[in-house]
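Protein chains in written order, with this note's numbering: chain A, 1 to 181; chain B, 1 to 181; chain C, 1 to 181.
What follows is the structure in structure tokens.
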């Protein structure tokens, strides 16, 4: 009898540990590229997942950080090289180009026109829906620093924070699905 | 005694739930890029996984959908912009270029020649093997719609279907490994 | 009583199996691209993970293999096409370009200068730290063969080996997180 109780206790401890280590019903996405097409794919996956999974976290890093700049927010940059980089990079979602067939903007304009015609949501609409659906956005601090971007020039978004690679790795470790886009 | 039975019952329910939530021995791959090199990588991983995992599902989206067009199948497009887009995108696996060093086709031809010489399977051979090995292909409906592609112009493949982002997210949630290529 | 013992035994077997199938605290990364920015991202994630996870494995394939060439090691190539390919591809980490805004090397030089100024580690420093932290590197045998690279021309790295797609799929199947970069 004591023996059985002991065995059950051991099993309970093992099951406790398994439950603790189980991933959450969560999607983690790294948005590295600042291309229109890849960013669209990231937000289509993220908004889709917000309806099916418990939690969705998007990490914007490198070129991806430029996607989140707000065209209307103007800030002064002291650092000359950061100012130059900031000018060369697309200022926000409406200025992105396709990773292929951009063709000096013609291909990108064609794609946007096609999307409208076919009833596919624009990137701006997807970002709005993502915000409303509780999709979390974390912007890579190191990339912001590198590109010379400041939090004040980023879009207004319900659930936006700064974070590092450790934040991504922590979320990914407890996610069912992790993608690098 | 009752107490022990109760504890065992509770444990059984917890273990049931854990088993239900366990991922399948499955690989889900998003094939976003229509580049020769990345599509090759996707099929090398997919055919490799078909021998080691229980199930492999490939989701073709955006530029990736152009990979699956059949050069020999001709269909009339009513939509002018869709027809233009269709003409500009590579028609099938034999027309893809490298993501790097394409060099107006010279680099791509060199790579194909090198692959042949070194005994690396061509994309067409890999696709055939994937089909025979039971690798499932899902083509993104929204992308097909956007690019103006029709199911009738796609390759003959044993296990091909149309699907949306929800289908990918459902498969990924129950996959051991998910990749975005 | 016998009945309870039987039930406990069955539960133990089910929990054994669940534990066996649990992923390790491990990250698997495919480094496909030979771009400076993406390779930096891969090593920032890998070195970050080496401090948080039990194990990190990086698989270098296709263009990624060129990253690992050692500028100082010279070997003779018999195969003319392999020799040509070898000349055209970047020779090691210091010769990589950005995936965007490379601008004939100006953008890449600007980025490297910015990284230095902002105290972001260079790729070479990250690779050194990765090696010291026990991050494993596996180079894709097929890609080496295709590009005409030899193991003798690769960098000195504490934990470097050759492997195929099966090695990646095996590691990924037992990893918490798998990424394709």
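Glycine included, every Cβ here is placed at the ideal spot set by N, Cα and C. Predicted model only: the values in this text are computed from it and were never measured.
| Query | Result |
| --- | --- |
| Should residue 51 of chain C be labelled buried (16 or more other beta-carbon atoms within 10 Å of its own) or exposed? | exposed |
| Is it true that the CB of residue 62 of chain B sits closer than 8 Å to the CB of residue 68 of chain B? | no |
| Please say whether residue 18 of chain B and residue 19 of chain A have beta carbons closer to each other than 8 Å? | yes |
| Relative to the C-alpha of residue 72 of chain A, which candidate in A/87, A/82, A/65 and A/92 has its C-alpha closest? | A/92 |
| When Cβ atoms are compared, which residues of the region 121-151 of chain B fall closer than 7 Å to chain A? | 142, 145 and 146 |
| Under 8 Å, do residue 147 of chain A and residue 86 of chain A count as touching if we go by C-beta distance? | yes |
| For residue 54 of chain B, which residues of its own chain have a beta-carbon under 7 Å away from its beta-carbon, when the five flanking residues on both sides are left out? | 24, 25 and 26 |
| Please state if the CB of residue 162 of chain A and the CB of residue 139 of chain A are separated by a distance shorter than 8 Å. | yes |
| What does residue 183 of chain A reach in chain C if we use C-beta pairs closer than 8 Å? | Given that chain A is displayed from residue 1 to residue 181, the structure contains no residue 183 of chain A and the question cannot be resolved. |
| Return the chain-ordered list of same chain residues with a C-beta closer than 6 Å to the C-beta of residue 174 of chain C, the five sequence neighbours on each side being excluded. | 23 and 24 |
| Taking any Cβ of chain B, which residues in the region 160-175 of chain C have a Cβ under 9 Å from it, in chain order? | 164, 165, 166, 168, 169, 170, 172, 173, 174 and 175 |
| Looking at the unbroken alpha helix (DSSP H) that takes in residue 74 of chain C, where does it start and where does it end? | No alpha helix (DSSP H) holds residue 74 of chain C; DSSP gives it neither H nor E. |
| Please give the ranges of any alpha helix (DSSP H) in the region 18-77 of chain C, keeping only runs that are unbroken, at least 4 residues long and fully inside the region. | 36-52 and 64-67 |
| Determine the burial state of residue 5 of chain A: buried for a count of at least 16 other Cβ atoms within 10 Å of its Cβ, exposed for fewer. | exposed |
| For chain C, find out if any of its Cβ atoms is closer than 8 Å to the Cβ of residue 37 of chain B; answer yes or no. | yes |
| Judging by CA-CA distance, which residue of A/152, A/79, A/46 and A/36 is the nearest neighbour of residue 102 of chain A? | A/36 |
| What residues in its chain sit with their C-beta under 8 Å from that of residue 164 of chain C, if we drop five residues either side in the sequence? | 140, 141 and 142 |
| With 7 Å as the C-beta to C-beta threshold (strictly closer), list the residues of the region 7-19 of chain C near chain B in chain order. | 7, 8, 11, 14, 15 and 18 |
| Mind checking which residues open and close the beta strand (DSSP E) that includes residue 163 of chain A? | 160-163 |
| Would you mind telling me which residues of chain A sit closer than 9 Å to residue 59 of chain C, beta carbon to beta carbon, in chain order? | Under the 9 Å cutoff, chain A gives no residues; its nearest Cβ is about 14 Å from residue 59 of chain C. |
| Does residue 4 of chain B come within less than 8 Å of chain C when only Cβ atoms are used? | yes |
| To the nearest angstrom, report how far apart residue 109 of chain B and residue 33 of chain C are at their CA atoms. | 19 Å |
| Checking contacts by CB at 8 Å: is residue 101 of chain B closer than that to chain C? | yes |
| Please confirm whether residue 38 of chain A and residue 137 of chain A have their CB atoms less than 8 Å apart. | no |
| Would you please verify whether the beta carbon of residue 118 of chain B is less than 8 Å from any beta carbon of chain C? | yes |
| Would you mind listing the alpha helix (DSSP H) stretches within the region 99-175 of chain B that are 4+ residues and don't spill past its ends, in chain order? | 106-117, 123-132, 141-147 and 165-173 |
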